[in-house]
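So this is what it looks like as structure tokens:
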């Protein structure tokens, strides 16, 4: 069965520092991978997605993610974090063209 | 263009009561979904629909029923609410195709006492 693992439940990063959020997936075929962000009390917003081509994908708000098939990973990165990036981040894989399967999420706190 | 809307935003129920959550989308999307979000659990799929008149079970369907009588609407019903159904419920929609983005509603916070 498909699954997504986000090993870090909570991460704290200083404002201006770089960020990497980890995501590992289990999927037999070519994965369709997504990162979503959820600000407190809000719905989910798509940051970026990967389904083919260049393994480094760019998203909104300065985020990028790199797909590594050999490591079954799709880690999210940002070179310089802003206080407004504090939120919960979800990695997801598309299950056989029907629905997204989500990881349990990583909460990002930004310290000044 | 309102995107995905959910009604109501908040609700408190007593154990055993019933209610229906309404999801509406104005993007002419084929697929619609209901998820529940609980602390530390991420989002878990309850039911989904791949088109008008069709529904299917997701990961956690017990205690819920759904209907998709119109393409733009997807209803989630709780026939006899239980405290374990206290959660935040999100509706989402997308066009067909695995690479298509899912658009999410703002959520409904349900408390069952």
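Residue numbers (my numbering), protein chains in the order written: chain B, 5 to 116; chain C, 31 to 143. Built from N, CA and C at the ideal position, the CB exists for glycine as well. Predicted, not measured: the structure shown is a model, and the values here were computed from it.
Quick one: give me the first and last residue of the beta strand (DSSP E) that residue i is part of.
i: residue 49 of chain C; result: 49 to 55
i: residue 27 of chain B; result: Segment: none, residue 27 of chain B is in no beta strand (DSSP E) and carries neither H nor E.
i: residue 68 of chain C; result: 61 to 68
i: residue 125 of chain C; result: Note, residue 125 of chain C: premise wrong, no beta strand (DSSP E); not H, not E.
i: residue 7 of chain B; result: 7 to 9
i: residue 140 of chain C; result: 138 to 142
i: residue 97 of chain C; result: 95 to 97
i: residue 90 of chain C; result: No beta strand (DSSP E) holds residue 90 of chain C; DSSP gives it neither H nor E.
i: residue 3 of chain B; result: Because chain B in this structure spans residues 5 to 116, residue 3 of chain B falls outside the shown range and cannot be described.
Based on the DSSP secondary-structure assignment, which residues constitute the bridge partners of residue i?
i: residue 102 of chain C; result: Paired residues: none, contrary to the question.
i: residue 110 of chain B; result: B:93
i: residue 79 of chain C; result: C:62
i: residue 15 of chain B; result: B:112
i: residue 34 of chain C; result: C:55
i: residue 117 of chain C; result: C:140
i: residue 53 of chain B; result: B:38
i: residue 47 of chain B; result: DSSP output for residue 47 of chain B lists no bridge partner at all.
i: residue 72 of chain C; result: C:68
i: residue 107 of chain C; result: C:50, C:95
Taking just the CA atoms, how far does residue j sit from residue i?
i: residue 93 of chain C; j: residue 112 of chain C; result: 9 Å
i: residue 60 of chain B; j: residue 51 of chain B; result: 13 Å
i: residue 111 of chain B; j: residue 79 of chain B; result: 15 Å
i: residue 82 of chain B; j: residue 46 of chain C; result: 47 Å
i: residue 107 of chain C; j: residue 57 of chain C; result: 23 Å
i: residue 23 of chain B; j: residue 62 of chain B; result: 15 Å
i: residue 18 of chain B; j: residue 87 of chain B; result: 9 Å
i: residue 71 of chain C; j: residue 79 of chain C; result: 23 Å
i: residue 86 of chain C; j: residue 36 of chain B; result: 21 Å
i: residue 137 of chain C; j: residue 72 of chain B; result: 33 Å
i: residue 32 of chain C; j: residue 53 of chain C; result: 12 Å
i: residue 126 of chain C; j: residue 98 of chain C; result: 16 Å
i: residue 102 of chain C; j: residue 134 of chain C; result: 14 Å
i: residue 38 of chain B; j: residue 64 of chain B; result: 12 Å
i: residue 77 of chain C; j: residue 64 of chain C; result: 6 Å
i: residue 47 of chain B; j: residue 37 of chain C; result: 14 Å
i: residue 49 of chain B; j: residue 44 of chain C; result: 32 Å
i: residue 40 of chain C; j: residue 49 of chain C; result: 12 Å
i: residue 114 of chain C; j: residue 89 of chain C; result: 15 Å
i: residue 107 of chain B; j: residue 100 of chain C; result: 31 Å
i: residue 16 of chain B; j: residue 109 of chain B; result: 14 Å
Could you give the C-beta distance for residue i and residue j, rounded to a whole number, given that I count them as a contact under 8 Å?
i: residue 6 of chain B; j: residue 97 of chain B; result: 6 Å
i: residue 91 of chain B; j: residue 41 of chain B; result: 5 Å
i: residue 105 of chain C; j: residue 51 of chain C; result: 7 Å
i: residue 55 of chain C; j: residue 34 of chain C; result: 5 Å
i: residue 140 of chain C; j: residue 117 of chain C; result: 6 Å
i: residue 69 of chain B; j: residue 54 of chain B; result: 7 Å
i: residue 84 of chain B; j: residue 26 of chain B; result: Wrong, their Cβ atoms sit about 19 Å apart, outside the cutoff.
3-residue-minimum beta strand (DSSP E) runs that sit fully inside the stretch 68 to 107 of chain B, ordered along the chain: 68 to 72, 77 to 82, 91 to 99, 103 to 106
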